[in-house]
Amino acid sequence: KRNASYSGDLDDVFHPVEGMKIGIDFSCNDRDNGADRELVFCYSPFNNDQSWSDPSRWLWTWIGEKMTVGVEDEANNNVVNSFNLAQNYPNPFNPSTKISYALQSPELVTLRVFDVLGREVATLVNQYQSAGNHTVSFNASSLASGMYFYKLEAGSFQSIKKMMLLK
817 KRNASYSGDL DDVFHPVEGM KIGIDFSCND RDNGADRELV FCYSPFNNDQ
867 SWSDPSRWLW TWIGEKMTVG VEDEANNNVV NSFNLAQNYP NPFNPSTKIS
917 YALQSPELVT LRVFDVLGRE VATLVNQYQS AGNHTVSFNA SSLASGMYFY
967 KLEAGSFQSI KKMMLLK
């Protein structure tokens, strides 16, 4: 039997988000050859069956406190059916604006702002986010007047929009 442990800080490895599902692969062993009915549940990165590569063999766990079971009477306005990057508002703006976007599924999201030469001037979002609608404020008080572009990347989705800063 081989055991592995990690004594470092795992905060940079995994960032749970409300509504995220995590695949779990575990082994079940009866350590005394069936004399008693105790079980040891364990997960090992050293298993040889490669079940980690086959999602149909995984179990799932839910992260969060809002797991709802039942029928909702009212229409759910928070259901997002596609990825979308909206036009910032107001546009033109001085010195701040809001950028809204929709995520169809939980994803690692980056939202960055570029000048007309393609230089990155701000990173507004760089984290894993839950599905749904999101809004970010952008304060450009330290930037010169002109046209800027903002780019949303979420999984395989990418979209770019332009905005105008007028001082």
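The working numbering puts the first residue of the sequence shown at 817, with every later residue one more than the last. We put the beta carbon where it would ideally sit given N, CA and C, even for glycine. The model shown is predicted, which means the values in this text are computed figures rather than measured ones.
Span separating the alpha-carbon of residue i from that of residue j
i: LEU933; j: LYS967; result: 14 angstroms
i: SER1004; j: GLU936; result: Residue numbering for the chain in the displayed model covers 817 to 983; residue 1004 lies beyond these limits and cannot be assessed.
i: LEU982; j: SER946; result: 33 angstroms
i: THR939; j: PRO908; result: 20 angstroms
i: THR913; j: ILE976; result: 16 angstroms
i: SER953; j: ASN904; result: 9 angstroms
i: HIS950; j: ASP931; result: 23 angstroms
i: LEU919; j: SER972; result: 12 angstroms
i: GLY948; j: TYR964; result: 26 angstroms
i: PRO911; j: TYR917; result: 20 angstroms
Closest by C-alpha distance to residue i, when choosing among the options
i: VAL925; options: ASN904, ASN900, ASP931 and VAL937; result: ASN900
i: TYR944; options: ALA956, LEU959, GLU936 and LEU927; result: LEU927
i: MET980; options: GLN974, HIS950 and GLY962; result: GLY962
i: VAL896; options: ASN942, PRO922 and PHE965; result: PRO922
Per DSSP, cross-strand counterpart(s) of residue i
i: LYS977; result: TYR966
i: LEU924; result: TYR944
Which of helix, strand or coil DSSP assigns to residue i
i: VAL929; result: strand
i: SER946; result: coil
i: LEU940; result: strand
i: ASN907; result: coil
i: VAL887; result: Its pLDDT being 45, under 50, VAL887 is placed unreliably in this model, and the value from its coordinates should be taken loosely. DSSP places VAL887 in coil when its eight states are reduced to three.
i: ASN897; result: coil
i: SER953; result: strand
i: SER972; result: coil
Beta strand (DSSP E) segment containing residue i, residue limits
i: ALA918; result: 912 to 919
9 angstroms Cβ cutoff, residue i in contact with chain D
i: SER975; result: No chain D appears in the structure shown, which is made up of a single protein chain.
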